[in-house]
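> One structure, as structure tokens, below. Some questions next.
In the working numbering, the protein residues as written are 370 to 661.
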């Protein structure tokens, strides 16, 4: 929620915010913005509005300032304040901090989901694969086991909203040896294709299995999981020789101490509905990872 004057929202300040927050999330089959945004005027920012979880207060003030406050009116809550002495200065100040602001709001939502999941958490000591790999995760208890070999874990949550009631959210966890750290980035797609062929069959296991969609190049970003260097890859999966497809989110964590790569992958199958929220839940679970 953006707290700013209607005239500022209609002008350059609002345009800059909408362009930044409205940037499309990569790896989704349908266009969905990174953040959904709404505006309220300062005189309309009363008690009902103040319980919002993520709020940005922005506008002209006597001093140029940027700061963040938590749990001001409600809990959990993150409020970002952006001020400058004139409208051009406000735009400049926002542009200077826009990446940090987006990161702040996303981290806020990740923490909120992790806290929510911890209240209804699966006992991850029941999974042979997590025990063997020395990993713990905060996974909500709506996930059921599809496969747990000791080397490979596949969990599935059936989605019950709207058209997606035939769909599912899925978690995969496994490890591969760390052979050459300089080659990790280039090997991510090949590794997930190999795992898909071995463990994730289609309706005809002889000819169908999960692969990375060839028509869409995945995007990879630097990340940190449990204090360790990692790569975040977003793209689309499909089942070879079949019509099933959807987005995936892959975290490949460099575990030098144990000379291996830990891979957490989340993928969603939810035909005809928006998928950002489903993938975000998988992101929150991935970022809860603790490695022994």
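Idealized CB from N, CA, C, for every residue including glycine.
#1: So, helix, strand or coil for residue 489, using DSSP?
#2: Look at the Cβ atom of residue 386, then the Cβ atom of residue 371, and state whether they are nearer than 8 Å.
#3: Are the segment 483-494 and the segment 449-469 touching, with three or more C-beta to C-beta distances below 8 Å?
#4: Does the distance from the C-beta atom of residue 620 to that of residue 604 stay below 8 Å?
#5: Could you check the C-alpha separation between residue 389 and residue 427 for me, to the nearest Å?
#6: Could you check what DSSP says for residue 416 in three-state terms: helix, strand or coil?
#7: Over what stretch of residues does the beta strand (DSSP E) that includes residue 516 continue unbroken?
#8: Taking 7 Å as the limit between beta carbons, can you name the residues of its chain near residue 623, skipping five residues before and five after?
#9: Could you tell me which whole beta strand (DSSP E) segments of length 3 or greater appear in the segment 623-648?
#10: Taking the Cβ atom as the reference point for each residue, do residue 616 and residue 588 lie within a distance shorter than 8 Å?
#11: List the whole-angstrom C-beta distance separating residue 420 from residue 443, where the pair is believed to meet the contact cut-off of C-beta under 8 Å.
#12: Assign residue 593 to buried or exposed, taking buried as 16 or more other Cβ atoms, counted over all protein chains shown, within 10 Å of its Cβ.
#13: DSSP state of residue 505, grouped into three classes?
#14: From 634, 570, 647, 602, pick the residue whose C-alpha is nearest to that of residue 611; which is it?
#15: Give the single residue among 497, 481, 609 whose Cα lies nearest to the Cα of residue 572.
#16: Taking the alpha helix (DSSP H) that residue 439 falls in, what are its first and last residues?
#17: Indicate whether residue 652 and residue 561 have their beta-carbon atoms separated by less than 8 Å.
#18: Name the DSSP bridge partner or partners of residue 537?
#19: Going by DSSP, name the residue or residues bridged to residue 606.
#20: Suppose you measure from the CA of residue 520 to the CA of residue 502; what does that come to, to the nearest Å?
#21: Just curious, the beta strand (DSSP E) that residue 347 is in, first and last residue?
Looking at the atomic coordinates:
#1: Residue mapping note: residue 489 aligns to position 120 of the chain shown, counting from 1. DSSP places residue 489 in coil when its eight states are reduced to three.
#2: Here residue 386 is taken as the residue at index 17 of the chain shown, counted from 1. Here residue 371 is taken as the residue at index 2 of the chain shown, counted from 1. Their beta carbons are under 8 Å apart, which means residue 386 touches residue 371 by this criterion.
#3: Between the segment 483-494 and the segment 449-469, the count of C-beta pairs closer than 8 Å stays below three; the two stretches do not touch.
#4: As a position in the chain shown, residue 620 is number 251, starting the count at 1. As a position in the chain shown, residue 604 is number 235, starting the count at 1. Contact flag unset, no.
#5: Translated into the one-based positions of the chain shown, residue 389 becomes position 20. Translated into the one-based positions of the chain shown, residue 427 becomes position 58. In a straight line, the C-alpha of residue 389 is about 14 Å away from that of residue 427.
#6: As a first step, residue 416 is located in the chain shown; it is residue number 47 there, counting from the start. Judged by DSSP in its simplified three-state form, residue 416 adopts coil rather than helix or strand.
#7: Here residue 516 is taken as the residue at index 147 of the chain shown, counted from 1. Counted as a single uninterrupted DSSP element, the beta strand (DSSP E) harbouring residue 516 occupies residues 513-517.
#8: The count along the chain shown starts at 1 and reaches residue 623 at position 254. Within the same chain, residue 623 has close Cβ partners 547, 550, 553, 597, 598, 599, 630.
#9: 629-638
#10: For this step, residue 616 is matched to residue 247 along the chain shown. For this step, residue 588 is matched to residue 219 along the chain shown. In this structure, residue 588 does not lie closer than 8 Å to residue 616 by Cβ.
#11: Reading the chain shown from its first residue, position 51 is the one you call residue 420. Reading the chain shown from its first residue, position 74 is the one you call residue 443. The Cβ separation is near 4 Å, so the contact holds.
#12: Working through the chain shown from its first residue, we reach residue 593 at position 224. Residue 593 should be labelled exposed.
#13: Walking along the chain shown from the start, residue 505 turns up at place 136. It is a strand residue.
#14: Indexing the chain shown from 1 puts residue 611 at position 242. For residue 611, the nearest C-alpha among the options comes from 570.
#15: The residue given as residue 572 occupies position 203 in the chain shown. Closest option to residue 572, judged by alpha-carbon separation, among 497, 481, 609: 609.
#16: Translated into the one-based positions of the chain shown, residue 439 becomes position 70. Element bounds for residue 439: not the alpha helix (DSSP H) but the beta strand (DSSP E), 434-439.
#17: On the chain shown, position 283 is the one that residue 652 refers to. On the chain shown, position 192 is the one that residue 561 refers to. Not a contact, by the Cβ cut-off of 8 Å.
#18: Along the chain shown, read from residue 1 onward, the residue named residue 537 stands at position 168. Beta-bridge pairing links residue 537 to 527, 638.
#19: Locating residue 606 in the chain shown gives position 237, counting from the first residue. BP columns for residue 606 point to 581, 615.
#20: Counting from one through the chain shown, the residue named residue 520 turns up at place 151. Counting from one through the chain shown, the residue named residue 502 turns up at place 133. When rounded, the separation of the alpha-carbon atoms in residue 520 and residue 502 is 8 Å.
#21: The structure shown does not extend to residue 347, since the chain is modelled only from 370 through 661, so no value can be given for it.
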